[in-house]
Amino acid sequence: MSKGFRQSQATLHTWSGLLVGWVLFVVFVTGTAAYWREALNRWAQPELPRIEEPARVVRGAQALLQREAPGAASWFITVPSTRSASGSVFWVPGAGAPPARGETSGLIDANGAKVTARETRGGDFFYRFHFDLHYVPYYVSRWIVGICAMFMLVAILSGIVTHKKIFRDFFTFRGNKGQRSWLDGHNAVAVLGLPFHLMITYTGLVTLMTLLMPWAAIANYTDPTSFGRLLYPDAPTVPRAERPAPLVDLATVLRDAERRLGAPVDFISVTAPGDASAQILLSQSTRGALSSLTPRLRYDGVSGRLRWASPPPGAATMTAGAMIGLHAGRFADAAIRWVYFLCGIGGSVMVASGLVLWSVKRRERLPDPAHPPFGFRLVERLNIGFVAGFPAALVGFLWANRLLPLTLPARAEAEINAMFVLWGALLLHAFLRRSRRAWVEQLGLTAALLLALPLFDMLATNRGLPATLAAGDATLAGVDLTLLALGLAYAAIARAVHAHVPATRRTRARASA
Amino acid sequence: MTALAFLASALAFLLFGLATDQHHGKRFRRPCPKRRALALRATAWACLALAFALSLQAWGPVFGAIGWVATVMSGAALVFGGLNFIPLSAPAFRKG
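Going line by line, the protein sequences match chains U and V.
Sequential numbering from 95 applies to the first sequence in the numbering used here.
Sequential numbering from 24 applies to the second sequence in the numbering used here.
Quick look at the structure:
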């Protein structure tokens with residue numbers, strides 16, 4: 095391979111990484127947190143009891159809907175797992191029904207009762223932010239994230255070409271050597287997690303493929319709904335009979351569907367409940383299935399007999415479904431989920447170290463280190479505001495979940511606004527302080543916020559670490575222990591940056607000794 | 024079974040790591056002899072194959088392959104950290 099080719103790939107790697115690195119970092123960090131979406135949902139609503147028997151929640155949901163929306167056009171019920179915070183229902187009022195007074199949705203707790211919990215986006219915020227960002231229309235953010243993911247794929251592939259000694263330097267780390275150590279560290283997190291980084295970037299693009307490359311569908315289908323129906327065939331519609339008939343017990347139908355599917359169900363919809371034409375559609379959960387496109391079954395709502403099963407998907411649909419499933423990792427048990435999470439941290443560190451490496455490399459070559467050019471300063475400050483500031487702001491979001499008054503109007507949005515206000519303040523701080531001080535202060539703040547959160551929970555809620563450990567609640571205890579571990583890691587990094595003596599000062603000190 | 028799969032992968036990378044002059048030298052104060060390096064690498068490959076079989080046992084045929092990659096990445100990362108950051112009890116061998 096010629097030197098010219100490798101050099102061109104190195105340049106491509108540097109600039110494709112730098113230009114989109116900041117967006118990639120926030121996408122990576124929120125995606126990593128989203129692997130604990132359900133755990134964070136539970137953490138964010140500590141007032142809800144833990145779900146031990148999902149069928150009981152479904153029975154409660156049916157009772158609630160029969161009481162509050164007997165004549166609805168349709169009901170929708172999310173079936174929780176033992177990892178979920180709660181079940182939920184919503185309904186579409188029937189034609190001719192008086193306009194809905196108040197809510198057409200509700201939360202169902204572990205005992206099947208309707209509850210009101212604090213209004214929060216919880217772990218769902220991290221999940222949505224990962225591809226929809228915030229304050230931006232979703233199609234704009236998905237284009238931004240999609241283009242950045244494309245750059246990421248370019249950066250990974252050109253990075254493999256640039257890093258010529260992948261196997262020879264596999265176990266190499268040369269510490270305390272300035273730029274060399276940064277490069278070794280960047281290479282290590284990149285190479286050790288390479289299967290994950292390649293998979294996650296490619297499959298991430300697959301999740302957005304119909305948005306990024308719509309032409310095949312546009313050219314072949316004049317009507318976008320016919321394309322959708324072909325991909326995801328639906329059961330034939332049944333006209334309303336206008337004859338009342340009692341609805342079968344949903345928990346019984348649920349049990350039968352789960353037996354037939356051999357997997358749990360996570361969503362039930364009922365059309366025309368209370369009518370003789372009622373139909374119950376159950377969708378298999380993605381837990382325990384690799385493909386994210388899972389089969390569905392439809393039952394007669396009065397007799398409870400199976401009426402329709404979705405046809406097996408074609409090979410291409412199955413491939414896309416498996417890739418999306420691999421990306422989201424919903425199938426993962428605890429061990430694989432932890433590896434997903436650690437790989438996500440590895441990916442975030444890879445992007446962060448790449449960004450920092452850009453300025454470390456150029457700092458050593460600056461003609462006048464006291465007055466760096468504008469471009470250098472901009473990158474350096476953005477690095478601080480993103481790499482150190484963004485995680486701090488995310489922990490700020492968790493703090494807002496605990497501290498904002500429970501009765502605050504639009505509370506869920508206020509939590510998110512609090513996160514952005516903190517992040518904005520930290521970006522400003524990064525531009526105002528000297529760079530090393532800014533790094534130490536922001537990393538230290540992240541550490542303090544992380545470490546104090548489990549302590550606050552111990553004092554202010556009945557779901558503190560001792561309580562969750564005693565109850566054997568591994569999910570909530572796991573969240574608190576992870577926050578503590580991350581806090582200790584941030585504290586160690588802040589300390590190391592604080593104690594670090596830059597190479598130039600070291601040589602000067604040696605010369606004067 | 025899951026734990027054994029993770030262990031087998033970690034052991035594989037420990038052997039791969041010790042087969043390099045750099046880490047063999049650091050731990051045993053001499054470069055790795057050629058025949059020993061070959062034996063270490065062969066055992067390491069056998070451990071990776073064992074980890075694959077154990078992963079299939081633990082997670083079944085579909086998730087087993089994914090689980091195996093998970094054990095490989097975490098085994099490699101664990102050994103990378105261990106070899107580079109666990110301090111030596113004796114002074115390191117330096118090549119040259």
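Heads up, the beta-carbon is just placed ideally off N, CA and C, and yes, glycines get one too.
It should be emphasised that the depicted structure is a prediction, and the values quoted were computed from it without experimental measurement.
Rounded to the nearest angstrom, the Cβ distance from T380(U) to G440(U) is 24 Å, too far for a contact under 8 Å.
Annotation for A249(U): H107, S110, G111 place their beta carbon closer than 7 Å to its own, counting only its chain and skipping 5 residues before and after. Of all residues in the segment 397-423 of chain U, only L420 come within less than 8 Å of chain V when Cβ atoms are compared, listed by chain position.
The three-state reading of DSSP puts V591(U) in helix, counting H, G and I together. P289(U) carries a helical assignment under DSSP once its states are collapsed to helix, strand and coil.
In the three-state scheme derived from DSSP, where H, G and I count as helix and E and B as strand, P164(U) is classed as coil. Assignment of A211(U) by DSSP, reduced to helix, strand and coil, places it in the coil class. The continuous alpha helix (DSSP H) containing S78(V) extends over residues 57-108.
For the options I374(U), V239(U), A345(U), T319(U), the alpha carbon positioned closest to that of V300(U) is the one of V239(U). Contact annotation: the segment 570-579 of chain U touches the segment 543-552 of chain U, with at least three C-beta pairs closer than 8 Å.
Interface flag for M24(V) against chain U is unset, since no Cβ pair is found closer than 8 Å.
For L436(U), the nearest beta carbon of chain V is closer than 8 Å to its own beta carbon.
Under the 10 Å beta carbon count, P148(U) is surrounded by 16 or more other beta carbons and is classified as buried. Excluding residues up to 5 positions away in sequence, L451, V454, K455, E458 lie with their Cβ nearer than 8 Å to the Cβ of Q273(U) in the same chain. With respect to the C-alpha of P407(U), the residue from R401(U), G415(U), L400(U) having the closest C-alpha is G415(U). Shown in chain order are the members of the segment 31-52 of chain V whose Cβ falls below 7 Å from a Cβ of chain U: G40, T43, Q45, H46. Between the C-alpha atoms of R431(U) and G125(U) there is a straight-line separation of about 13 Å. Think of a sphere of 9 Å around the beta carbon of L384(U): the chain V residues whose beta carbon falls inside it are V85, F86, I89, in chain order.
Less than 8 Å separates the beta-carbon of S180(U) from that of A211(U). As computed with DSSP, I312(U) is found in no beta bridge at all. Looking at the backbone, the Cα of P318(U) and that of L306(U) are separated by about 15 Å. Within chain V, W82, F86, I89, G90, A93 have C-beta atoms less than 8 Å from the C-beta of I430(U), given in sequence order.
V595(U) counts as exposed, since fewer than 16 other C-beta atoms from the protein chains shown sit within 10 angstroms of its C-beta.
R153(U) has its alpha-carbon roughly 16 Å from the corresponding atom of V396(U). For G287(U), the C-beta contacts it makes with chain V under 7 Å involve M96, in order along the chain. Within the model, the alpha-carbon separation for A65(V) versus L71(V) is close to 10 Å. Here S377(U) carries a strand assignment [DSSP, helix/strand/coil].
A residue is called buried once 16 or more other Cβ atoms fall within 10 Å of its Cβ, and T555(U), having fewer, is exposed. Shown here is that no member of the segment 486-501 of chain U has a Cβ falling below 9 Å from a Cβ of chain V. By the rule that beta-carbons nearer than 8 Å mark a contact, F170(U) does not touch chain V. Under the three-state reduction of DSSP output, Y229(U) falls in the coil class, being neither helix nor strand. Within chain V, the residues placing a beta-carbon under 7 Å from that of V433(U) are A93, M96, S97, ordered along the chain. Listed in chain order, the non-local C-beta contacts of F39(V) below 6 Å within the same chain comprise A67, local neighbours out to five positions each way being set aside. Here F264(U) carries a coil assignment [DSSP, helix/strand/coil]. Under a criterion of Cβ atoms nearer than 7 Å, the residues of chain U adjacent to L106(V) are, in order, F265. A Cβ-Cβ distance of about 14 Å is found for the pair L348(U) and V183(U), leaving them out of contact under the 8 Å criterion.
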